[in-house]
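Heads up, the sequence shown is in my numbering, so the first residue is 115 and it goes up one at a time.
Backbone N, C-alpha and C define an ideal beta-carbon position, used for all residues, glycine too.
Below is one structure, written out as structure tokens; the observations come after it.
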Amino acid sequence: MRWTEFFIPTSKEIPTDAVVPSHTLMIRAGLIRQLVAGAYTYLPLGYRVLRKAEQIVREEMNRAGAIELHMPAMQPVELWKETGRLKTMGDTLIHLPDQDWRSGTVLGPTHEEVITDIVRAFVSSYKQLPINLYQIQTKFRDEKRPKSGVLRTREFLMKDAYSFDVDLDGLNASYDKMYAAYCRIYERCGLPYVSVEADSGAIGGDVSHEFMVATDAGEDILVKTADASYAANVERAEVAPLPDPGCDGQHPLEEVHTPSLSTIEQVSKFLKCAPCDLIKTMIFDVGGEPLVGLVRGDHEVNEAKLRKAAGVSSLAPAGPEMIEKLTGAGVGFAGPVGLDVRMIADHAVAVMHNVATGANKTDYHITGVNPGRDFELKEVADIRYAVEGDRAPGGQALEFEKCIEVGHVFKLGTKYSDAMKATFLDQDGKSRPCVMGCYGIGINRIIAAAIESHHDDAGIIWPMSVAPFHVLVCCLDIKNDEVSRACREIHDTLESHGVEVLLDDREIRPGPKFKDADLIGIPIRITVGQRSLKDGLVEVKNRDSDDVQKLPPDKAIEEVHRRVRDALANLHCE
Ligand code: ATP
Ligand code: MG
115 MRWTEFFIPT SKEIPTDAVV PSHTLMIRAG LIRQLVAGAY TYLPLGYRVL
165 RKAEQIVREE MNRAGAIELH MPAMQPVELW KETGRLKTMG DTLIHLPDQD
215 WRSGTVLGPT HEEVITDIVR AFVSSYKQLP INLYQIQTKF RDEKRPKSGV
265 LRTREFLMKD AYSFDVDLDG LNASYDKMYA AYCRIYERCG LPYVSVEADS
315 GAIGGDVSHE FMVATDAGED ILVKTADASY AANVERAEVA PLPDPGCDGQ
365 HPLEEVHTPS LSTIEQVSKF LKCAPCDLIK TMIFDVGGEP LVGLVRGDHE
415 VNEAKLRKAA GVSSLAPAGP EMIEKLTGAG VGFAGPVGLD VRMIADHAVA
465 VMHNVATGAN KTDYHITGVN PGRDFELKEV ADIRYAVEGD RAPGGQALEF
515 EKCIEVGHVF KLGTKYSDAM KATFLDQDGK SRPCVMGCYG IGINRIIAAA
565 IESHHDDAGI IWPMSVAPFH VLVCCLDIKN DEVSRACREI HDTLESHGVE
615 VLLDDREIRP GPKFKDADLI GIPIRITVGQ RSLKDGLVEV KNRDSDDVQK
665 LPPDKAIEEV HRRVRDALAN LHCE
């Protein structure tokens, strides 16, 4: 392909909203262009990359035995009512304004409902199971603040697969197959990934793993031990209980006037103690009933953990009305002493001594509080987020790293098949719900994550497997017939060997040419100039190295062909 025939609008402009390197580089290298917030055009160069990532995903899904289909982005809201997700998805679901032909139509943020509707229509016997169906389709989510370029958009490309099995053993086998396929996909895309235990969130189900790529551009936090024997999303990461530091003796309770001081910072400053010497009393609303979570002042309640510990399906922070009714005090003065309500204390609270907390009386706190003595520790559980200094359940120190979620696999169980009656007749003629799993990959995120992991100050350094072209031929003296002919020959010969070549035949100075070459990041560059060609040589250079090899054109072709093959083989792509 000749540069002058191929649209590469390299842009010097750095987007003002660019907060992560991949966003800046994708725009400057002419891969994408923002149309509106949260929606991007993939320009020709960017689209080649997107298609490559998509193809790797497709090949591995097919290899794992999944079958491709294509479902509409437009979905009837009735399906979402059937599973109750019209409510739980909340504002994320984008509704089309009602018109005759599309009353109650939403744009799909995911397709569990639609696929379950298909399976209940076509599957009736155990003989048709297991089956795994997937698509590569545009999803729509009303993300509140689309930022970080293509990492979080309102319209994005997802591969979503759904497995249907007769029982749990079947689901486990389907899940393991998808898990292995995901590992292959990220390896082939050259992504340094880790898989972690994750919280299942609004999708539901018990077991899930996220595939993460560590980068400062990420919005997720990965918690792991140095030897990676334990790794989890911070939303899910378990914390070993803290040791009991003990105390010299228990103080008596004392009420202290703390006028208008309601935050942990204000109170600890006033009482001249550290935030870790306060008990934070968080009140939640569980379907109209209050539930209290107790954590140390410097810790935060993890609602997902609390929800699990309490064995409830959903909870939300209580409103002022519920708080005032329960405590008899204004917001900010709640405490566990004398409170008659279900309370779950974090492990760290159980080993606190002589600490302070709200007095359930406006403008008052109490000091000298000893859990166990002053209030009963009926339920103690791990209900908080891990913080620096915490240890994993196995005892090793925990480390924190920012990361991007590039994929997610879930064991759904029968949540959707029960709700939508996707059943089959088993060997004994008994009707049973299909046991489901679902598996998503953000194709756009693969690209951004590849750039986040492979770039330098000058630009992108593509892994060979997803590079828009394998080789860039830089023609330095386009007006010189000999140089121009040599470039064409190298280009044509490599292409005839199946190597993807971009020929930079623009009439511009070498400086900007090399700058653009570094920016767009094609893995191998062949430079052909008048001076070296006089000596019968051209230059071969990898984007990720400063080494330059001078070779006669035919040897350069062989060498480059070998490098492309080796790079693809290293990424399991040949
Ligand atoms: P996040 O927690 O980052 O919002 P999610 O958990 O909601 O993502 P899933 O429902 O698991 O996402 O979707 C499967 C995959 O789709 C994710 O692993 C991610 O790679 C991709 N994805 C999700 N939301 C977006 C988005 N707004 N823009 C681009 N890709 C996305
Ligand atoms: Mg997810």
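Measuring only the C-alpha atoms, how far is residue i from residue j?
i    : j    : result
I335 : E257 : 19 Å
E515 : M550 : 32 Å
F538 : L305 : 40 Å
S288 : D205 : 32 Å
A681 : M578 : 6 Å
A346 : G152 : 28 Å
Q213 : V191 : 14 Å
E196 : I229 : 13 Å
F254 : G486 : 50 Å
L408 : S376 : 16 Å
G482 : D391 : 10 Å
I146 : V662 : 31 Å
C552 : G612 : 36 Å
E379 : C387 : 10 Å
A506 : E513 : 10 Å
A581 : V163 : 6 Å
I141 : I128 : 7 Å
K126 : V133 : 16 Å
Pull the bridge partners of residue i from the DSSP assignment, please.
i    : result
M550 : F278 and G527
K705 : An answer regarding residue 705 cannot be provided, because it is not within the stretch 115 to 688 covered by the chain.
C588 : D618 and T641
Q213 : Q213 pairs with nothing; no bridge assigned.
K492 : Beta-bridge pairing links K492 to no other residue.
F270 : K253
D680 : Beta-bridge pairing links D680 to no other residue.
H675 : None, per the DSSP bridge assignment.
F447 : None, per the DSSP bridge assignment.
L336 : N347 and E515
Between which two residues does the alpha helix (DSSP H) containing residue i stretch?
i    : result
M436 : P434 to T441
I122 : Neither: I122 is in no alpha helix (DSSP H) and is coded neither H nor E.
R599 : D595 to S610
Q380 : I378 to L385
I170 : P158 to R177
R559 : I557 to S567
H137 : P135 to R142
Can you tell me where the beta strand (DSSP E) holding residue i begins and where it ends?
i    : result
P306 : No beta strand (DSSP E) contains P306, which DSSP labels as neither H nor E.
R498 : Here R498 belongs to no beta strand (DSSP E), and DSSP marks it neither H nor E.
H719 : This structure cannot speak to residue 719, because the chain is shown only from 115 to 688.
G625 : Not the beta strand (DSSP E): G625 falls in the alpha helix (DSSP H), residues P624 to I634.
M188 : M188 to P190
A470 : V469 to G472
T219 : T219 to L221
K664 : V662 to L665
Look at the Cβ atom of residue i, then the Cβ atom of residue j, and state whether they are nearer than 7 Å.
i    : j    : result
L647 : V597 : yes
Q249 : M185 : yes
I640 : E621 : no
M67  : V415 : Absent from the structure is residue 67, since the part of the chain shown begins at 115 and ends at 688.
A572 : D632 : yes
G222 : S136 : no
A424 : D399 : no
R183 : L243 : Here residue 183 turns out to be Leu, not Arg, going by the sequence shown. Contact flag unset, no.
G643 : L590 : yes
L651 : K669 : no
V449 : T471 : The amino acid at residue 449 is misidentified as Val; the sequence shows Gly. The answer is yes: Cβ separation under 7 Å.
H467 : C361 : yes
E603 : F583 : no
D540 : Y240 : yes
Helix or strand or just coil, what does DSSP make of residue i?
i    : result
A459 : strand
N347 : strand
R657 : coil
R581 : Reading the sequence as shown, one finds Ala at residue 581 and not Arg. A581 falls in the coil class under three-state DSSP.
P244 : coil
E226 : helix
D231 : helix
A545 : Sequence inspection shows Ser at residue 545; the Ala mentioned does not correspond to that position. Strand at S545.
V64  : This structure does not reach residue 64, given that the chain is present from 115 up to 688, and the question cannot be answered.
D532 : helix
G318 : With a pLDDT of 48 at G318, under the threshold of 50, the predicted position of this residue should be treated as unreliable, and no value is reported.
K422 : helix
A511 : strand
G521 : strand
I575 : coil
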